[in-house]
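Here the protein sequences line up with chains A and B, keeping their order.
Anchor point for the first sequence: position 376 equals 376 in this note's numbering, and the numbering is continuous, going up by one each time.
Whatever position you read off the second sequence (first residue = 1), add 407 for this note's numbering.
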Amino acid sequence: MSANDTPHDLSRRHLLGAGLGAAAASALPLRAALAQSGELVVGAAPPITGVFAFAGVGLHQGLGDYCEWRNATKGGVAGRKLRYVGEDSAYKMDQAMAVFKKIMGAHKPPVFYGDSTAWAKAAAKEVSQLGTTMTSSPSFASDLADPKNVPFYFMAGPTYTAMGEILLEYIHRTSRGATKPALAIVYSDTEFGRDPIAGIKAKAQALQIPVVQEIVTKPGAVDVSAEVAKLRRAKPDFVIFHGYVLAPIPEFIKQMREAGMATTPMGTIWSMDLTTVNAMGAAAPGWMGVMPYRYSYDTQDAPTMQAIKDYAAKVRPDMKYVPLFYTHGWLVGMIFAEVMERTLKAGKPLTGPNMKAALESIKDWDTGGVTGLLVNLQGHQIASGRIYAYNADTKLMEPASGWIRTA
Amino acid sequence: MRIGDFRASYAHDEALWPTRVQRTGLALLALALALFPFAANGYVVGLACLVGIHCIAAAGLNIMTGYTGLISLGHAAFMGVGCYTAAWFAQRGLPFFVTLPLAGLFAAAIGIVVGLPSLRIKGLYLAVATLATQFLLVYVFREWDSVTGGVRGVNVPNASLFGFELGNDHRMYYLIVPVAALMLVAGRNLFRTRVGRAFIAIRDKDISAEVLGIELLHYKLAAFAIGSFYAGVAGALLGYFYRAMTPEYFTLQLSVFYLAAIIVGGLGSMLGTILGAVFMTLVPELLRGGVAFVAQWAPRATEILSPIQQVVFGLLIMGFLVFEPHGLLEIWRRVRRLFHLWPFRA
Chain A
1 MSANDTPHDL
11 SRRHLLGAGL
21 GAAAASALPL
31 RAALAQSGEL
41 VVGAAPPITG
51 VFAFAGVGLH
61 QGLGDYCEWR
71 NATKGGVAGR
81 KLRYVGEDSA
91 YKMDQAMAVF
101 KKIMGAHKPP
111 VFYGDSTAWA
121 KAAAKEVSQL
131 GTTMTSSPSF
141 ASDLADPKNV
151 PFYFMAGPTY
161 TAMGEILLEY
171 IHRTSRGATK
181 PALAIVYSDT
191 EFGRDPIAGI
201 KAKAQALQIP
211 VVQEIVTKPG
221 AVDVSAEVAK
231 LRRAKPDFVI
241 FHGYVLAPIP
251 EFIKQMREAG
261 MATTPMGTIW
271 SMDLTTVNAM
281 GAAAPGWMGV
291 MPYRYSYDTQ
301 DAPTMQAIKD
311 YAAKVRPDMK
321 YVPLFYTHGW
331 LVGMIFAEVM
341 ERTLKAGKPL
351 TGPNMKAALE
361 SIKDWDTGGV
371 TGLLVNLQGH
381 QIASGRIYAY
391 NADTKLMEPA
401 SGWIRTA
Chain B
408 MRIGDFRASY
418 AHDEALWPTR
428 VQRTGLALLA
438 LALALFPFAA
448 NGYVVGLACL
458 VGIHCIAAAG
468 LNIMTGYTGL
478 ISLGHAAFMG
488 VGCYTAAWFA
498 QRGLPFFVTL
508 PLAGLFAAAI
518 GIVVGLPSLR
528 IKGLYLAVAT
538 LATQFLLVYV
548 FREWDSVTGG
558 VRGVNVPNAS
568 LFGFELGNDH
578 RMYYLIVPVA
588 ALMLVAGRNL
598 FRTRVGRAFI
608 AIRDKDISAE
618 VLGIELLHYK
628 LAAFAIGSFY
638 AGVAGALLGY
648 FYRAMTPEYF
658 TLQLSVFYLA
668 AIIVGGLGSM
678 LGTILGAVFM
688 TLVPELLRGG
698 VAFVAQWAPR
708 ATEILSPIQQ
718 VVFGLLIMGF
728 LVFEPHGLLE
738 IWRRVRRLFH
748 LWPFRA
């Protein structure tokens, strides 16, 4: 080693030592003792970075803020404070599972929020084996709303299939005349995109709505001219886009309009946030879709939405608009708290089976306006939503229907 | 200072680990690995399992790319073949000690087919051909519903040994780590044989190797088969580890992850493979651990520091490539030389 190398080696050694020290210290259950003495830990692996980061930051903030709000306003759950412990999953299954195992090992949380369908499926067996934890995630995959096979998982909204059914119910209810409007379905070639397609087609058949075209694209497809040509030939009255957040929906709408089509484009939850719709630009007017929750600016007769808005304004003054992801995280927190409260009030320990029973006892539960209808969670999903449409004048998503419940 | 390593017999000369220090070190390492799950929590044991799986997969890629010079961007897809093969057979009641070799063999068979163009093309052209395989196989995983479960994926039954279920990470550790050790030792041994040396000759100059009597097609296909076998076994272990798998796991990103692991660790070395797999698996965890540590006192730090941690990880990889192009292996060798020659300068 030359003398010149010494500073580099020292620096490297220091850096390595500092990194290892910090990591080792973080792995220690520093607050485990506190948790045992009364705190209820809400564990989470939200995708703060990675391809789902657009939503993950809001999910993380919403769930974390709900815990703080609950502690401040209601003293926690059954007299025990909530403590949120969330680490970034980067929307990678390996990382999400590592975070899950780490938080489970260090804090033994009775509730845990994951990041994806893949995580929910991979963790399901372990969660069942442990029998200690109720889980949820941003996934609305249809086969996860299954109390028998995935007993300790719920979703704070309708499944993707149920979302499709709500859209079809709206089309059915608003159609006039003897001929039913024609429907096309455009979806991404992903697990997310394909999830509800069979269910949507079955529901369309039941409602006698003809599916005249079905198109599969890559998730972020750019050139959609061939697909638009197919739609042009099929002449659908409505197109349901699913499995996307933004692209290629604006391009589809733009080209459909250029082709003179009067088709109404519709979407599902993850392409319905106001910031996403505003990002569609000229394609936004006419856009509509299904939302399980109220938008954060819709606070009339919705005390929880007002509370969300007020709390976000208080603790996050730079947040000008509360995204639906934040609302989703907040609602997940509400359900976690409700499940734990019901279990503890019944004098039972917070085990998976007890919390499952508590979850399934939630019937006609008032979310304070986050959802438009009273909530039933027997099926481990909130099978209701409302159609919202974009108003180009107000630049807001506004209700286009009443609240619709499926199943 | 170690002052001599005299080899007085052929057996000694051929030994995999010729010195007593090496053998003692390895025995201690084996003991430490065997006792590790008793001292570590589920999270750390889970990470160790993941490192073991990544070591096997990266070793396979190193055999193909590092030792034979055949660049592959389809390694994740070969893992997928192994994972789905093991899942399919495990669902039909076959035990893991049968499904693991079967997973490897199926992946090897696919590897041989994919390797066929390698006689005519190499370098970037071969990389593109394997890239096509990556997409093709992932397409098959998504579409072949009856075998792979389509986009919804498959559930993999717990691995079990004579009725004893390896149903958690601590138990899986005792499957994954021995298999990883076995395959890494086999990999190291391979390059002391005619086959392994033929691989290296092909990597260094394939025309010269052919002039020396090495059948290029035969050995290139063998490299693909062995590398894919490793990937298949790793994929099978991954399936048993997570017990559920979707096609979205076996992305190009995963293939690139393994490529990065062997480059960062050191091409053409089993030790480099281990170092690379450990680096690529644990460094993001360490960085995330640092963020979590800070977040205990500043909860908002997670939102700010999480993206930064990814940047830091990227910079670390770039730093390695710039300042230590021979990978972690070279750093390891320098450290070893330092101890060997101490108190003299390495």
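Glycine included, each C-beta is placed from N, C-alpha and C at the ideal position.
**Prompt:** Fully enclosed by the stretch 68 to 110 of chain A, which beta strand (DSSP E) runs are 3 residues long or longer?
**Reply:** 82 to 86
**Asked** In the stretch 447 to 470 of chain B, which residues sit with their C-beta less than 8 Å from some C-beta in chain A, listed in chain order?
**Response** Asn-448, Gly-449, Tyr-450, Val-451, Gly-453, Leu-454 and Leu-457
**Request:** Determine which residues of the stretch 36 to 51 of chain A have a Cβ less than 7 Å from any Cβ of chain B, and write them out in chain order.
**Result:** Ile-48 and Thr-49
**Prompt:** Excluding the five sequence neighbours on either side, which residues of its own chain have a C-beta within less than 8 Å of the C-beta of Gly-352(A), listed in chain order?
**Reply:** Val-127, Ser-128, Leu-130, Gly-131, Thr-132, Thr-133, Met-134, Pro-151 and Phe-152
**Asked** Do Thr-475(B) and Phe-636(B) come within 8 Å of each other at the CB atom, strictly closer than that value?
**Response** no
**Request:** Could you name the residues of the same chain whose beta carbon sits closer than 7 Å to that of Val-719(B), not counting the 5 residues immediately before and after it, in chain order?
**Result:** Leu-694
**Asked** If you draw a straight line from the alpha carbon of Leu-523(B) to that of Leu-533(B), how long is it in whole angstroms?
**Response** 10 Å
**Message:** Just verifying my parser: in three-state terms, what is the DSSP assignment at Thr-555(B)?
**Reply:** helix
**Distance between beta carbons of Ala-464(B) and Tyr-665(B), contact taken as under 8 Å** = 6 Å
**Prompt:** How is Thr-431(B) classed by DSSP in three states: helix, strand or coil?
**Reply:** helix
**Message:** Across the stretch 258 to 273 of chain A and the stretch 340 to 355 of chain A, are there enough close Cβ pairs to call them in contact, namely three or more that are closer than 8 Å?
**Reply:** no
**Prompt:** Any C-beta of chain B sitting closer than 8 Å to the C-beta of Gln-129(A)?
**Reply:** yes
**Prompt:** Which bits of chain B does Val-57(A) rub up against, with CB to CB less than 8 Å?
**Reply:** Glu-710
**Prompt:** Using DSSP with H/G/I as helix, E/B as strand and the rest coil, what is Ser-384(A)?
**Reply:** strand
**Request:** If I'm right that Pro-248(A) touches Ala-221(A) with Cβ under 8 Å, what's the distance once you round it to whole angstroms?
**Result:** 4 Å
**Request:** Mind reading off the beta-carbon distance from Pro-250(A) to Ala-229(A)? Whole number of angstroms is fine, and I expect it under 8 Å.
**Result:** In fact, because the Cβ distance is near 18 Å, the residues do not count as touching under 8 Å.
**Prompt:** Beta-carbon of Arg-194(A) versus every beta-carbon of chain B: anything under 8 Å?
**Reply:** yes
**Message:** Could you tell me the alpha carbon to alpha carbon distance between Gly-289(A) and Ser-401(A), rounded to whole angstroms?
**Reply:** 10 Å
**Request:** Classify Ala-434(B) as buried or exposed, calling it buried when 16 or more other Cβ atoms lie within 10 Å of its own Cβ.
**Result:** exposed
**Prompt:** Which same chain residues, not among the five before or five after Thr-394(A), have their C-beta less than 6 Å away from its C-beta?
**Reply:** none
**Request:** State the Cα-Cα distance for the pair Leu-440(B) and Ser-567(B), rounded to the nearest angstrom.
**Result:** 21 Å
**Prompt:** So, is the C-beta of Gly-64(A) closer than 8 Å to a C-beta in chain B?
**Reply:** yes
**Item:** Straight-line gap, Val-671(B) to Phe-252(A) (C-alpha atoms, nearest Å)
**Value:** 43 Å
**Message:** Distance check for Ala-313(A) and Ala-32(A), CA to CA, integer angstroms please.
**Reply:** Model confidence at Ala-32(A) stands at a pLDDT of 41, short of 50, so the residue's coordinates are unreliable; what they give is reported in the following sentence. Each residue's alpha carbon lies about 32 Å from the other.
**Request:** For Ile-213(A), write down the residues that DSSP places opposite it in a beta bridge.
**Result:** Ile is not the amino acid found at residue 213(A); the sequence shown has Gln there. Looking at the DSSP assignment, Gln-213(A) forms a beta bridge with Ala-184(A).
**chain A contact residues for Tyr-474(B), given Cβ-Cβ distances below 7 Å** = None at all; the shortest Cβ gap to chain A is about 26 Å.
**Asked** Can we say the stretch 648 to 657 of chain B touches the stretch 113 to 126 of chain A, given the rule of at least three CB pairs closer than 8 Å?
**Response** yes
**Request:** Using 10 angstroms around the beta-carbon of Phe-746(B), count the other beta-carbons present and answer buried if the total reaches 16, otherwise exposed.
**Result:** exposed
**Prompt:** What residues from the stretch 645 to 671 of chain B come within 8 Å of chain A, judged by C-beta to C-beta, listed N to C?
**Reply:** Tyr-649, Arg-650, Ala-651, Met-652, Thr-653, Pro-654, Glu-655 and Tyr-656
**Cβ distance (whole Å) where Thr-371(A) is taken to contact Met-334(A) below 8 Å** = Their Cβ separation, rounded to whole angstroms, is 10 Å, which puts Thr-371(A) and Met-334(A) out of contact at 8 Å.
**Request:** Within its chain, find whatever has a CB closer than 8 Å to the CB of Ala-78(A); leave out the 5 residues flanking it on each side and keep chain order.
**Result:** Met-340, Glu-341, Leu-344 and Lys-345
**Request:** Put Gly-289(A) into one of helix, strand or coil per three-state DSSP.
**Result:** strand
**Item:** Alpha-carbon to alpha-carbon, Arg-83(A) and Gly-679(B)
**Value:** 42 Å
**Asked** Just to confirm, are Ala-423(A) and Gly-86(A) a CB contact at a threshold of 8 Å?
**Response** Here chain A has residues from 1 to 407 only, and residue 423(A) is not among them.
**Request:** Compare the Cα-Cα distances from Ser-662(B) to each of Ser-676(B), Ala-641(B) and Phe-513(B) and report the closest residue.
**Result:** Ala-641(B)
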